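In our numbering, the protein residues as written are 24 to 377. Ideal Cβ positions, reconstructed from N, Cα and C, are used throughout, including at glycine. Quick caveat, the model's predicted, so the values are computed rather than measured. Report on the structure given below.
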């Protein structure tokens, strides 16, 4: 998903991985942003300064990516990640949490093998559970986490390893994220395509009958085929632009009307806004260590994971192997799974290139 923060730059759009799950958290959309570039550092400074802002306006585009996969067909899921490559697995784990708690489905055993450079990166593991989640939710999963810290030789107690959560105050003008053409996107797209084609036929018919034919008389000498083809392409492009613009404006007008109705309803009600119960009325800073995750995590310092040994030791008739991280790591895991030494390994790579 691409994110734009107008207060930093109105032109820069940056891609980030979605970590939330629409089934487990239908009202929330979460991403993980690492502070290492100029843009992300500016965003970090805005959120961490002594007198931080109460609200932050952002624009989003997307999400993009492959369709979800049926992970229940495997007995075991092995997730191999390097650095920030762990983020795509958060939404998968949350999907399995939803299935196990809501439908009581038998979910596969999960082995998460993650590599980090420093101890401070262990805070990423606390993001596996949503903020509103409870340890009991993840207790329904058979989860084993093997974390490898490659640069630190031992645990450093002076480094904070639990993230902090920053809440913003809700506002009556806040609107939920929605598609450009509203909830009925496919219907609108169908209407745009059909309407554009009908308008194209009407305009071409009028131009041919009242402009081209009186001049050319179907001799194709004045209006040759290349010129006619160019004219047809120009008309179809104009038709699509006009119809799409009308559709966007109509949806925008409808969204503004609905937003005003919601504001009037909330303004006339003496009770607290429903959004306040979701985002908390007061802005606060909190930490949320999860004891269940700590119990499921083994941390190895000063070493890298022996992926060949680990994968070959995984038992089960069907083992799904997901990898997300540096190119060398993906190639190594792919070579292990395709070596033919273990027939139960099924490889799937998760990578994003923009």
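Three or more beta-carbon pairs under 8 Å between the region 316 to 323 and the region 68 to 86, yes or no?
no
Quick check on residue 117: buried or exposed, where buried means 16 or more other Cβ atoms within 10 Å of its Cβ?
Reading the chain shown from its first residue, position 94 is the one you call residue 117. Buried is the call here.
According to DSSP, is residue 256 part of a helix, a strand, or is it coil?
Against the chain shown, residue 256 aligns to sequence position 233. Residue 256: helix per DSSP, three-state reduction.
Tell me which residue opens and which closes the beta strand (DSSP E) that residue 67 is part of.
Here the question's residue 67 lines up with position 44 in the chain shown. Unbroken run through residue 67 is the alpha helix (DSSP H), 61 to 71; no beta strand (DSSP E).
Between residue 122 and residue 130, which are expected to be in contact by the criterion C-beta below 8 Å, what is the C-beta distance as a whole number of angstroms?
Here residue 122 corresponds to residue number 99 of the chain shown, with the count starting at 1. Here residue 130 corresponds to residue number 107 of the chain shown, with the count starting at 1. Yes, residue 122 and residue 130 are in contact; Cβ-Cβ is about 6 Å, under 8 Å.
Among the candidates 33, 34, 125, whose CA atom is the shortest distance from the CA of residue 48?
Here residue 48 refers to the residue found at position 25 when the chain shown is read from its first residue. Residue 125 is the option with its Cα nearest to residue 48.
With H, G and I counted as helix, E and B as strand and the rest as coil, what does DSSP make of residue 169?
Residue 169 sits at position 146 when you count from the first residue of the chain shown. Three-state DSSP puts residue 169 in a strand.
In chain order, what residues of the same chain have a beta carbon less than 6 Å from the beta carbon of residue 295, not counting five sequence neighbours either side?
Walking along the chain shown from the start, residue 295 turns up at place 272. A caution first: residue 295 carries a pLDDT of 36, below 50, which makes its placement in the model too unreliable to give a value.
Cut-off 7 Å between Cβ atoms - residues of its own chain near residue 70, not counting five sequence neighbours on either side
Within the chain shown, the letter at position 47 stands for residue 70. Cβ within range, chain order: 189.
Of the choices 344, 237, 351, 373, whose alpha-carbon is the least far from that of residue 365?
As a position in the chain shown, residue 365 is number 342, starting the count at 1. The residue with the shortest Cα to Cα distance from residue 365 is 344.
Ends of the beta strand (DSSP E) at residue 371?
Residue 371 sits at position 348 when you count from the first residue of the chain shown. Segment 368 to 372, the beta strand (DSSP E) holding residue 371.
Quick one: any contact between the region 213 to 221 and the region 234 to 247, if contact means 3 or more CB pairs under 8 Å?
no
Using the Cβ count rule (16 or more neighbours within 10 Å means buried), how would you classify residue 144?
In the chain shown, counting from the first residue as 1, residue 144 sits at position 121. Buried.
In angstroms, rounded to a whole number, what distance separates the CA positions of residue 358 and residue 351?
The residue labelled residue 358 in the question sits at position 335 within the chain shown. The residue labelled residue 351 in the question sits at position 328 within the chain shown. Each residue's Cα considered, the two are about 11 Å apart.
Let me check understanding here. Comparing Cα to Cα, which of 136, 191, 54, 175 lies closest to residue 150?
Your numbering for residue 150 matches position 127 in the chain shown. Residue 150 has its Cα closest to that of 54, out of 136, 191, 54, 175.
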